[in-house]
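See below for the structure under consideration.
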Amino acid sequence: DVTALPYGPSVPHMFIVIFVVMLPVYLATDDPIQAWQAGLAWAFLIGIIVMIGAFVGPYIRKLTPRAAMLGTLAGISITFISMRPAAQMWEVAWIGLPVLAIILIGFFTDVKLPGGIPIGLVALLIGTAIGWAGGYMSAPDVGQAFSDIAVGIPDLRIDMLLRGLSDLAPLLGTAIPLGVYNFTEAMSNVESAAAAGDNYNLRSVLLADGAGAVVGSAFGSPFPPAVYIGHPGWKDAGGRAGYSLASGAVIG
Numbered sequence: 008d009v010t011a012l013p014y015g016p017s018v019p020h021m022f023i024v025i026f027v028v029m030l031p032v033y034l035a036t037d038d039p040i041q042a043w044q045a046g047l048a049w050a051f052l053i054g055i056i057v058m059i060g061a062f063v064g065p066y067i068r069k070l071t072p073r074a075a076m077l078g079t080l081a082g083i084s085i086t087f088i089s090m091r092p093a094a095q096m097w098e099v100a101w102i103g104l105p106v107l108a109i110i111l112i113g114f115f116t117d118v119k120l121p122g123g124i125p126i127g128l129v130a131l132l133i134g135t136a137i138g139w140a141g142g143y144m145s146a147p148d149v150g151q152a153f154s155d156i157a158v159g160i161p162d163l164r165i166d167m168l169l170r171g172l173s174d175l176a177p178l179l180g181t182a183i184p185l186g187v188y189n190f191t192e193a194m195s196n197v198e199s200a201a202a203a204g205d206n207y208n209l210r211s212v213l214l215a216d217g218a219g220a221v222v223g224s225a226f227g228s229p230f231p232p233a234v235y236i237g238h239p240g241w242k243d244a245g246g247r248a249g250y251s252l253a254s255g256a257v258i259g
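My numbering puts the sequence shown at residues 8 to 259.
Next comes the structure, spelled out in structure tokens:
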């Protein structure tokens with residue numbers, strides 16, 4: 008009865024590496040490969056910082072009240088996860104509001120559906136049905152999206168990573184604070200999982216998180232991963248280890 012920690016590419020880091028790291032390099036050099044190399048080096052640095060955090064994080068966790076860590080997660084959730092979708096919902100309120108109502112009813116009443124069907128899945132299906140019935144969805148657009156699906160097999164890009172690491176100084180100003188943010192967020196999420204009944208070894212989680220960024224950069228990814236917010240929700244929905252594997256297979 009243990010739920011895996013949600014884990015995958017970090018969206019905030021994606022925006023930072025694209026617009027703050029790679030874009031300036033591209034504008035200065037007009038060389039997309041050099042910009043890519045800078046992104047790989049940046050992701051590598053993030054991973055190293057998170058792995059260093061694995062040796063200090065457990066001590067920081069002991070000194071930090073649980074309320075402080077969970078309050079931080081709540082603020083991040085509201086600011087970065089909820090606010091923009093909540094605003095976008097009003098653009099098609101006739102779809103968004105019924106779905107929101109279903110989610111709120113399920114959340115506040117803890118209603119159990121037949122067969123243990125998650126309330127979020129029901130909301131998604133009903134919203135999808137409303138969108139198709141109301142003409143909001145377009146069959147040609149969906150067909151185009153399917154035609155764009157491709158499977159890419161990564162290969163080692165160590166030569167590009169090393170070239171990016173040859174010029175570290177411009178990267179440190181963002182890599183250090185974002186690396187610290189990454190390991191503190193992971194620490195808070197481990198605490199959130201502990202509050203829900205799943206106790207993970209923080210050092211192991213941080214080492215795996217940082218190693219993901221290091222290995223990813225060696226295979227050409229400038230996007231460091233992160234432990235996601237939301238473990239208690241997945242646990243309440245009945246998630247175990249398989250949901251995280253499925254997420255990685257579909258998104259990755």
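Where a beta carbon is used, it is the ideal one built from N, C-alpha and C, also for glycine.
Among the options, nearest to residue i - alpha-carbon criterion
i	options	result
D162	G223, M29, D243	G223
F114	R91, I236, I126, A176	I126
L175	P19, V28, F22	V28
P177	D37, G46, S17, P19	G46
R281	V63, N189, G249, A225	A query on residue 281 cannot be resolved here, the shown segment of the chain reaching from 8 to 259 and no further.
A182	A203, V24, T116, A233	V24
G82	P184, G171, S195	S195
A203	G171, G64, W241	W241
I160	G227, S154, L168	G227
G32	G171, D155, M58	First, the residue type needs correcting, since residue 32 is Val and not Gly in the sequence shown. Checked all of G171, D155, M58; the closest Cα to V32 is G171.
S199	F62, S84, Y250	S84
Span separating the alpha-carbon of residue i from that of residue j
i	j	result
Y4	P147	This structure cannot settle anything about residue 4, because the visible part of the chain is limited to 8 through 259.
A215	A140	45 angstroms
A42	P229	10 angstroms
A136	G15	29 angstroms
I236	T191	12 angstroms
A75	W97	32 angstroms
L34	I40	12 angstroms
Y143	R91	20 angstroms
F26	P19	11 angstroms
G180	I56	13 angstroms
G103	G138	10 angstroms
F87	A93	11 angstroms
D8	R247	7 angstroms
G255	G60	24 angstroms
G78	L252	28 angstroms
P105	R68	40 angstroms
I110	G123	15 angstroms
S211	D166	29 angstroms
L52	A100	42 angstroms
F62	I112	43 angstroms
P232	A220	6 angstroms
L131	L120	15 angstroms
T71	S145	50 angstroms
A244	Y250	10 angstroms
Status (buried if at least 16 other CB within 10 Å, exposed otherwise) for residue i
i	result
W49	buried
P13	buried
S173	exposed
L168	buried
G150	exposed
Q44	buried
V158	exposed
N189	buried
Backbone secondary structure at residue i - three-state DSSP
i	result
Y14	strand
V222	helix
A203	coil
V32	helix
P301	A question about residue 301 goes unanswered here, because the residues of the chain that appear run from 8 up to 259.
S145	coil
P125	coil
G54	helix
P92	helix
L120	coil
F157	Going by the sequence as given, residue 157 is Ala instead of Phe. A157: coil per DSSP, three-state reduction.
V63	coil
T135	helix
S173	coil
A47	Here residue 47 turns out to be Leu, not Ala, going by the sequence shown. Of the three classes helix, strand and coil, the one that applies to L47 here is helix, per DSSP.
Contact with chain D by residue i, beta-carbon distance below 7 angstroms
i	result
W241	The chain inventory of the structure shown lacks chain D, comprising one protein chain alone.
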